[in-house]
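Working notes for the structure below.
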Amino acid sequence: MRFGLLTLSAVLSALAYPPLGGWWLMLIAPAPLFGLLPGQRARVGFLYGWWWGFIYGLIVGFPLTYLVKLQTGNLWLTAVGWMGVVGLSALFWGLFGMLATQMPRSWLGCLGLAGLWTLCQWLRGLGPFAFVWGHLAVSLYRAPLLLQVADLGGAWLLEFLIAFWNALLGVGFLARREFGQTHGSAPTPREPRPLWRAQAMVFGLTGLLLWGIWFGYGVMRGVEVARRSLPNPHDGIPNYVVALIQPNLNLARAYTPAEWEPIRMRIAQRVRQAAAQKPHLIVLPESLEPYPLPDTEEAFEFWRRLAQESGVPILIGGYRIGNPLTRQYTNTAHLFLPDGSWRYHDKVQLVPLGETVPFREQLPFLQAFGVVERDLLSGGSLKPLPVGKLRIGVVICMESTYPWIAREMARRGANLLVVMSNESWFGRTAALEQHLAFSVLRAVETRRWLIRSAPEGISAWIAPNGQVWRVPAFQEATPLQTVRLIEEPTLSVRWGDWIVALSAIVVPIGFAYNARLRHRSTA
């Protein structure tokens, strides 16, 4: 019965993500997990948590099997590899389940559960195999009113609030149900006021307060940010025009020099068309130029002359030889300026198994799963690229799933975020939409305009309030958008992961309170 309830909870929670995208499910579906764990034995809690995370991860991340299949070329290896990744990732949910058994079934216990959940999810983003796909907060990207609090505490504050609300629902409902089974549905005239009724009042008032603040802040802040950040020709604030190029090109395959030359010329023609409208910047996707720059002189001169000819800065994804001795490549954003100068930014957070293989020599069996044969070299700094008044914070592909990348760029002065991505590895699956969702959170957390450029889609402009303007996927396009530059750092940018630190304080308080209750009950 309980495993059935947990399975249903995990399935419905996963359906909050695309392709179904029923984001409201995330506000009710995880509740049984939070309700069932307190009071269980530790090993039972671990099993409950791991099972929930495994089912949830299989469904949410299923679109990523398209990428795994491209790498392995084998259906069985794809299945084994993906189940292995999800099973290992579910250990963090198992850790949550094991520790959640030590939380009391009370208001304070719900706070502790929310803090514990947030800590375990934060831990998933650490280490050489960091994998953060599937955060609860990301599913709310289509609910802008609920997203606005992200400028206070980032995605982790959203994660905490979702977990806290579901804990109130789950713990409150199951506590009431168990009391009813033990004492009957209503007290007798001689009974004092039942404990569950007082607890229900506390839970209800807490829920009302939570939603009042959450929703109220969303309304107020959303209106204010829209007024300040959306272009208005009548208020005298400078506007900037940014063009992006979506070449509708499959970058999941390699091209011969003979194949690539006409493609490069076609893209250059698109750049000239965009430049004719005098934008302040033209953005192209990640890894579009296949030859390392500036070492490949012909390719380097091509883009340098194109920027000079068009009179517009061009930001294009490609590669660079980061270490001349080992000939290791970096995943690099190249900025070509009209004066002939060149700047670059190297990707800092590499994709485990896709761009680098940690412990390659100790884990030789990974080669069977089509992991990258040679590691890329990671960049060493997060510094915006200056172009006049623009200070561009470049976030490359999967870096957009890690909150700290965009946040650090904004902290160092970026007033415009650019996500350069290669979505060809996702095919036409729901992973395209899921990946876009992370960029929406990054824009709201930092209150910066975010330009997202992909070879086939989904390219988009995202306003600081989370509003999205999409470019139709799988079509060649050269659209432009007017944006505004915001300089002020948000609380999330200034304070970083403060909600994680707060969670680390709340969790031991919950443990201590539960231990005290147990001691009193046995005394």
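With my numbering, letter number 267 in the sequence shown gets 267, and the count goes up by one each step, no holes. We put the CB at the ideal spot given by N, CA and C, even for glycine.
Taking every protein chain shown into account, the CB of Trp-449 has 16 or more other CB atoms within 10 angstroms, so this residue is buried. Boundaries of the beta strand (DSSP E) around Pro-386: 385-387. In the same chain as Tyr-56, and ignoring 5 residues on each side of it, the C-beta atoms closer than 6 Å to its own belong to Ala-10, Ser-13 and Ala-14, in chain order. The straight-line gap separating the alpha-carbon atoms of Leu-67 and Phe-369 is approximately 11 Å.
Boundaries of the beta strand (DSSP E) harbouring His-334: 328-336, taken from the DSSP string. Under the 10 Å beta carbon count, Thr-65 is surrounded by 16 or more other beta carbons and is classified as buried. Beta-bridge partners assigned by DSSP to Asn-323: Gln-328. Per DSSP, the unbroken beta strand (DSSP E) holding Thr-482 starts and ends at 480-483. Here the stretch 488-508 makes no contact with the stretch 79-89; the two share fewer than three CB pairs at distances below 8 Å. Counting only the Cα atoms, Arg-272 lies some 22 Å from Asn-239. Membership of Trp-24 in any alpha helix (DSSP H) is not indicated, and neither H nor E is assigned to it by DSSP. Close CB contacts of Ser-139 within its chain, under the 6 Å cut and outside five residues either way in sequence, are with Ala-16, Tyr-17, Trp-23 and Met-26 (chain order). Around the beta carbon of Arg-407, 16 or more other beta carbons lie within 10 angstroms, which makes this residue buried. The beta carbon of Arg-142 lies closer than 6 Å to those of Trp-23 in the same chain, with the five residues before and after it left out.
Looking at the DSSP output, His-345 shares a beta bridge with Ala-333. With contact defined as three or more Cβ pairs closer than 8 Å, the stretch 40-49 and the stretch 96-109 are in contact.
At least 9 Å separates the beta-carbon of Ala-150 from that of Val-506. Annotation for Tyr-402: Gly-125, Val-132 and Gln-349 place their beta carbon closer than 7 Å to its own, counting only its chain and skipping 5 residues before and after. Taking a 10 Å sphere around the C-beta of Trp-52, we find 16 or more other C-beta atoms and assign the residue as buried. A distance below 7 Å between beta-carbons, with the five flanking residues on each side excluded, links Leu-230 to the following residues of its chain, in chain order: Ala-463. Val-440 and Gly-73 have their C-alpha atoms roughly 33 Å apart. When DSSP states are grouped into helix, strand and coil, Trp-214 belongs to the helix group.
Bridge partners of Pro-352 according to DSSP: Thr-356. Counting only residues of its own chain and dropping the five nearest sequence neighbours on each side, Gly-393 has a CB closer than 6 Å to the CB of Pro-384, Met-409, Ala-414 and Leu-417. Between the alpha carbons of Val-351 and Glu-456 lies a gap of roughly 20 Å. Within the DSSP secondary-structure output, Gln-246 pairs in a beta bridge with Ala-477. Taking each of Thr-256, Arg-197, Asp-295 and His-280 in turn and checking the Cα distance to Pro-313, the smallest one comes out for His-280. Here Phe-203 is buried, its C-beta having at least 16 other C-beta atoms within 10 Å. Look at Trp-122 here: in three-state DSSP terms it is helix. Nearest C-alpha to Gly-317 among Trp-93, Glu-373, Gln-246 and Val-372: Gln-246.
With contacts defined as CB atoms closer than 9 Å, Ser-400 and Val-419 qualify as a contacting pair. Taking Leu-376 as reference, the option from Pro-358, Ala-477 and Asn-248 with the minimal CA-CA separation is Pro-358. Contact between the stretch 153-169 and the stretch 464-477 is absent: fewer than three C-beta pairs spanning the two stretches fall below 8 Å. A straight line joining the alpha-carbon of Ser-106 with that of Gln-434 spans about 35 Å. Taking C-beta atoms as the reference points, Leu-284 and Val-471 fail to come closer than 9 Å.
In terms of Cβ geometry, Leu-353 and Val-372 form a close pair [threshold 9 Å].
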